[in-house]
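Residue numbers (UniProt numbering): 1 to 254.
Just so it is clear, CB atoms sit at the ideal spot from N, CA and C, and this is done for glycine as well.
Structure, as structure tokens:
Spelled out as structure tokens, the structure:
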């Protein structure tokens, strides 16, 4: 059986099943490489009226600003930004939806989810781990990538579990995490040292060898508390340092 390659720049994965074909150049694309949301993909697939990004940029009706009708070729047309999408490397599609909701609709088409198996690097900091994961992902995808790493750092444990929170949760669960800080009490008043920081680290590279990896990090303070229900993220023992009304709003958004 002949291998069908995807037309997206940087995509190295052959097309095995679902695809959409450009009606101008007859190039096939994975659904996630077509820059179409799931609803638009379902509407366009099989209709024979979809144009890929390259043909969209090169076809503009004379005397009109509309795009997508092959009436005039422009060899010098600049490619649109979404011609070079960024691969958001994650196995969780909810992370992509959350990120796109933050960025806004003008960035739709800039990111696509890619699920690749990355090695679990044992680094000394969240920044180091995110940087190494980003470099590895760029080599595997063959283009621009964005990776994200989430940590939970206990004050009592001098930053641990940190980037290894996933493994701690698997081993002892949310209640076990709470019990870990019970033995650490202040010498002054005997209060449990239950402060903790939730740290989200993003790493980005354009995928060109030798180019730097950019790292961005956000920190939110909170406390380790007795687990209350299940928020679906495994962090049911961690509570934001915000008002109850703000917390309920965030939980609803999640």
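Quick one: is residue i buried, meaning 16 or more other Cβ sit within 10 Å of its Cβ, or exposed?
{"i": "residue 25", "result": "exposed"}
{"i": "residue 203", "result": "buried"}
{"i": "residue 133", "result": "buried"}
{"i": "residue 144", "result": "buried"}
{"i": "residue 38", "result": "exposed"}
{"i": "residue 49", "result": "exposed"}
{"i": "residue 7", "result": "buried"}
{"i": "residue 169", "result": "buried"}
{"i": "residue 130", "result": "buried"}
{"i": "residue 20", "result": "buried"}
In whole angstroms, give me the CA-to-CA distance for residue i and residue j.
{"i": "residue 31", "j": "residue 149", "result": "26 Å"}
{"i": "residue 183", "j": "residue 176", "result": "12 Å"}
{"i": "residue 135", "j": "residue 125", "result": "16 Å"}
{"i": "residue 34", "j": "residue 122", "result": "35 Å"}
{"i": "residue 22", "j": "residue 167", "result": "44 Å"}
{"i": "residue 18", "j": "residue 141", "result": "20 Å"}
{"i": "residue 99", "j": "residue 110", "result": "11 Å"}
{"i": "residue 102", "j": "residue 158", "result": "31 Å"}
{"i": "residue 214", "j": "residue 221", "result": "24 Å"}
{"i": "residue 42", "j": "residue 52", "result": "16 Å"}
{"i": "residue 15", "j": "residue 45", "result": "15 Å"}
{"i": "residue 181", "j": "residue 208", "result": "44 Å"}
{"i": "residue 120", "j": "residue 47", "result": "43 Å"}
{"i": "residue 153", "j": "residue 27", "result": "48 Å"}
{"i": "residue 86", "j": "residue 197", "result": "29 Å"}
{"i": "residue 205", "j": "residue 179", "result": "39 Å"}
{"i": "residue 173", "j": "residue 226", "result": "12 Å"}
{"i": "residue 151", "j": "residue 240", "result": "14 Å"}
{"i": "residue 160", "j": "residue 96", "result": "27 Å"}
{"i": "residue 232", "j": "residue 217", "result": "In this prediction, residue 232 has a pLDDT of 48, which is less than 50 and means its spatial position is unreliable; what the coordinates show is noted afterwards. Cα to Cα, the separation comes out at about 23 Å."}
{"i": "residue 212", "j": "residue 199", "result": "22 Å"}
{"i": "residue 162", "j": "residue 29", "result": "39 Å"}
{"i": "residue 171", "j": "residue 219", "result": "25 Å"}
{"i": "residue 128", "j": "residue 40", "result": "39 Å"}
{"i": "residue 165", "j": "residue 107", "result": "31 Å"}
For residue i, which of helix, strand or coil comes out of DSSP?
{"i": "residue 103", "result": "helix"}
{"i": "residue 168", "result": "helix"}
{"i": "residue 152", "result": "strand"}
{"i": "residue 96", "result": "helix"}
{"i": "residue 41", "result": "helix"}
{"i": "residue 62", "result": "Any answer about residue 62 is weak, because its pLDDT of 32 lies below 50 and its placement is not dependable; what the coordinates show is given next. In this structure, residue 62 counts as coil in the three-state DSSP scheme."}
{"i": "residue 127", "result": "helix"}
{"i": "residue 178", "result": "helix"}
{"i": "residue 143", "result": "coil"}
{"i": "residue 173", "result": "helix"}
{"i": "residue 137", "result": "helix"}
{"i": "residue 31", "result": "helix"}
{"i": "residue 132", "result": "helix"}
{"i": "residue 184", "result": "coil"}
{"i": "residue 226", "result": "coil"}
{"i": "residue 90", "result": "coil"}
{"i": "residue 115", "result": "coil"}
{"i": "residue 221", "result": "strand"}
Among the candidates the options, whose CA atom is the shortest distance from the CA of residue i?
{"i": "residue 12", "options": "39, 193 and 138", "result": "138"}
{"i": "residue 201", "options": "87, 42 and 147", "result": "147"}
{"i": "residue 223", "options": "155, 87, 47 and 44", "result": "155"}
{"i": "residue 94", "options": "85, 114 and 107", "result": "114"}
{"i": "residue 90", "options": "218, 36 and 118", "result": "118"}
{"i": "residue 194", "options": "237, 96 and 29", "result": "237"}
{"i": "residue 92", "options": "104, 105, 112 and 5", "result": "112"}
{"i": "residue 105", "options": "36, 128, 210 and 5", "result": "36"}
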